[in-house]
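Shown next, in structure tokens, is the structure this report addresses.
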Amino acid sequence: MSGKPVIAVTALGHYIYFDQFEGLRAELEGKAADFLRRLADFDCSIYYTGYADTPEKAFNAVRECKKQDPDLLFVLMTTYLPSSVIAPFVYYLDVPQVLVGIQPLAALDYGHTTTYMQLCNDDICAMPEAAGVYERLGKDMPFCFVTSSDREEYINSELRKYIAAASAKAAFKYATIGYLGHTYEGMYDMHTDPTAFTRAFGAHVKMLEMCELAEYVNAVTDDEVSRKIDEITGIFEICDPSVDPLTDYVQRGDLEWSAKNACALDRLVSNNRLSALAYYYKGENNNLYERIAANLIIGNTLLTSSGIPLAGEADLKTAAAMLIMSKLGGGGSFAEIHPFDTVDDVVLLGHDGPHNISICEGRPRLRKLKKYHGKSGSGIGVEFSIKSGDITILSIGVKRNGEFKLVAAAGQSIPGEIPQTGNTNTRCTFGSGITGFLARWCEAGPTHHFALGTGNRLDELRRFSRMTGIELIVVE
542 MSGKPVIAVT ALGHYIYFDQ FEGLRAELEG KAADFLRRLA DFDCSIYYTG YADTPEKAFN
602 AVRECKKQDP DLLFVLMTTY LPSSVIAPFV YYLDVPQVLV GIQPLAALDY GHTTTYMQLC
662 NDDICAMPEA AGVYERLGKD MPFCFVTSSD REEYINSELR KYIAAASAKA AFKYATIGYL
722 GHTYEGMYDM HTDPTAFTRA FGAHVKMLEM CELAEYVNAV TDDEVSRKID EITGIFEICD
782 PSVDPLTDYV QRGDLEWSAK NACALDRLVS NNRLSALAYY YKGENNNLYE RIAANLIIGN
842 TLLTSSGIPL AGEADLKTAA AMLIMSKLGG GGSFAEIHPF DTVDDVVLLG HDGPHNISIC
902 EGRPRLRKLK KYHGKSGSGI GVEFSIKSGD ITILSIGVKR NGEFKLVAAA GQSIPGEIPQ
962 TGNTNTRCTF GSGITGFLAR WCEAGPTHHF ALGTGNRLDE LRRFSRMTGI ELIVVE
């Protein structure tokens, strides 16, 4: 399973200055110390290459940096430097890179400025030259981060977005994504080529069998079931039937069977070292596989909420979208478009199956369903809305050339009544004119599923798109 991203930092300068200006090198190296202190507040592993002011030192720094297998490189432009000093990082380190020019002063005191002071504030001077080297060496253009050191809030916000995007990319690195069962019959937008998936994201797609899960179900002990029931009842509110005739009372046996399947699902994920899972199995005539597949909702909700997303209907692409949204800090719940409301100018977004209770509004609820619409079997459903405030929806579609694309939009979750049908539903608005937005969303060609997360994550998604080379379409 994926761990923290490795964030590498290098600081660059020009050796000739340091014999000319006493104390300059120490002052410029202090910029690296300040930057590393900022990064210490983020959930990442940090590797500092040291200060390089000649091509030879840069070569040595790159050799050591490659051993750390970094996911992102921050290049601190501490003063003017010739592009030969940055070229080794450009050519030999095939990772997303950010040129950083954080000028110490918001403005020079022009009447008292010395050459020394200018060199201390020349962070941006070499950035155009350095950026040109990426182009001439045939590498991806770097991000360019330019500001002054007094803009603390902005600096921290930008660093968070870069690291979040790198975390989302790193989540797929050396990762195994499980695929259990088969896609829902007839959903053409669900089918995904595992090799194309690996090409886009780098993760391995492991084909899993229902018989493995059934073996784990049969091996679950009574003590494990009891502990899982305690966990479930401590988290969820158990609801009586609603106005919907499909709802029913949750019996002790229903909880025991859901808990047993949740324990087995935990073991499936652990034994296969999964970072995410896409699953669906129809089954027939109330056989064991059908009964197991119909009662994974609580287990997959608990796993999704812990950071291991599970996508229903075997939607591998949406499992990826949920993992991205989770690593960006938005949680990421399994969702699709439900009925809209032109009176309140909102649309209901939700689904049955996997959800993320870490971003729910209030206490999540459980409802017994006598049958699942469009699916076989019966069992307990999870019902809630996600937190009010900014939201982002992220779908992953496939272009006509077979490449993946990201389709995203930012909106608002609005508090209010939702149907009591044992499904999640969130009242969402996207600017003004919900029907116009929905038309534009559909015209962007997403899958009908998407990850629904908290916060406006579009800036992070733009960075993720550039880091991975996967096209992003933002619908407004």
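Quick note: my numbering has the sequence shown finishing at residue 1017, numbered continuously throughout.
All C-beta atoms in this analysis are idealised placements derived from N, C-alpha and C, irrespective of residue type, glycine included.
Measuring alpha carbon to alpha carbon, tell me which of the options ends up nearest residue i.
i, options, result
"residue 941", "829, 916, 985 and 928", "985"
"residue 564", "660, 584, 639 and 588", "660"
"residue 906", "859, 625 and 778", "778"
"residue 830", "731, 755 and 848", "755"
"residue 809", "992, 879, 717 and 867", "717"
"residue 751", "896, 720, 738 and 734", "720"
"residue 887", "617, 979, 736 and 1000", "979"
"residue 843", "981, 772 and 694", "772"
"residue 934", "901, 899, 983 and 998", "998"
"residue 776", "917, 903, 559 and 812", "903"
"residue 917", "812, 559 and 836", "836"
"residue 924", "691, 585, 749 and 898", "898"
"residue 793", "814, 805, 994 and 770", "770"
"residue 670", "622, 570, 913 and 701", "622"
"residue 949", "1006, 696 and 901", "1006"
"residue 757", "786, 733 and 805", "805"
"residue 989", "600, 727 and 695", "727"
Would residue i and residue j qualify as a contact pair, given that the criterion is a beta-carbon distance under 8 angstroms?
i, j, result
"residue 961", "residue 932", "no"
"residue 581", "residue 551", "no"
"residue 797", "residue 746", "no"
"residue 873", "residue 850", "yes"
"residue 991", "residue 860", "no"
"residue 959", "residue 929", "no"
"residue 895", "residue 875", "yes"
"residue 869", "residue 693", "no"
"residue 938", "residue 987", "yes"
"residue 782", "residue 788", "yes"
"residue 588", "residue 626", "no"
"residue 712", "residue 846", "no"
"residue 703", "residue 1004", "yes"
"residue 590", "residue 549", "yes"
"residue 617", "residue 559", "no"
Tell me residue i's beta-bridge partners as DSSP assigns them.
i, result
"residue 898", "Paired residue(s): none; residue 898 is not in a bridge."
"residue 876", "991"
"residue 909", "789 and 921"
"residue 931", "953"
"residue 609", "Residue 609 is not bridged to any residue."
"residue 747", "719"
"residue 969", "888 and 954"
"residue 684", "639"
"residue 938", "946"
"residue 882", "887"
Measure the alpha-carbon distance for residue i versus residue j and round it to whole angstroms.
i, j, result
"residue 542", "residue 967", "Confidence is the limiting factor: at residue 542 the pLDDT is only 43, short of 50, which leaves the residue's position unreliable, though a coordinate-based value still follows. So the alpha carbons of these two residues sit roughly 30 angstroms apart."
"residue 556", "residue 567", "12 angstroms"
"residue 853", "residue 744", "19 angstroms"
"residue 656", "residue 554", "16 angstroms"
"residue 676", "residue 977", "40 angstroms"
"residue 884", "residue 714", "45 angstroms"
"residue 919", "residue 909", "8 angstroms"
"residue 807", "residue 964", "22 angstroms"
"residue 688", "residue 878", "40 angstroms"
"residue 823", "residue 911", "16 angstroms"
"residue 1008", "residue 630", "16 angstroms"
"residue 740", "residue 544", "21 angstroms"
"residue 723", "residue 579", "46 angstroms"
"residue 996", "residue 866", "10 angstroms"
"residue 607", "residue 597", "16 angstroms"
"residue 731", "residue 725", "8 angstroms"
"residue 640", "residue 838", "45 angstroms"
"residue 945", "residue 820", "20 angstroms"
"residue 729", "residue 943", "13 angstroms"
"residue 1021", "residue 652", "Nothing can be reported for residue 1021, as the shown portion of the chain is limited to 542 through 1017."
"residue 833", "residue 818", "16 angstroms"
"residue 1016", "residue 974", "13 angstroms"
"residue 814", "residue 701", "28 angstroms"
"residue 827", "residue 971", "42 angstroms"
"residue 603", "residue 624", "15 angstroms"
"residue 628", "residue 969", "47 angstroms"
Taking 7 angstroms as the cut-off, does the CB of residue i come closer than this to any heavy atom belonging to the ligand ADP?
i, result
"residue 791", "Only the bare structure without any ligand can be found here, which leaves the ligand ADP out of the picture."
**Request:** Examine the Cβ distances between the segment 707-727 and the segment 602-617 and report whether three or more of them are shorter than 8 angstroms.
**Result:** yes
**Prompt:** Three or more C-beta pairs closer than 8 angstroms, one from the segment 663-671 and one from the segment 629-648: is that the case here?
**Reply:** yes
key: the segment 750-769 in contact with the segment 798-812 per 3-pair CB rule at 8 angstroms   = yes
* To do: Indicate whether the contact test is met: 3 or more Cβ pairs, each with one atom in the segment 1009-1017 and one in the segment 889-897, closer than 8 angstroms.
  => no
* Asked: So does the segment 836-856 actually touch the segment 943-953, counting three or more Cβ pairs closer than 8 angstroms?
  -> no
Count the CB pairs spanning the segment 670-688 and the segment 622-639 that are closer than 8 angstroms, and state whether there are at least three.
-> yes
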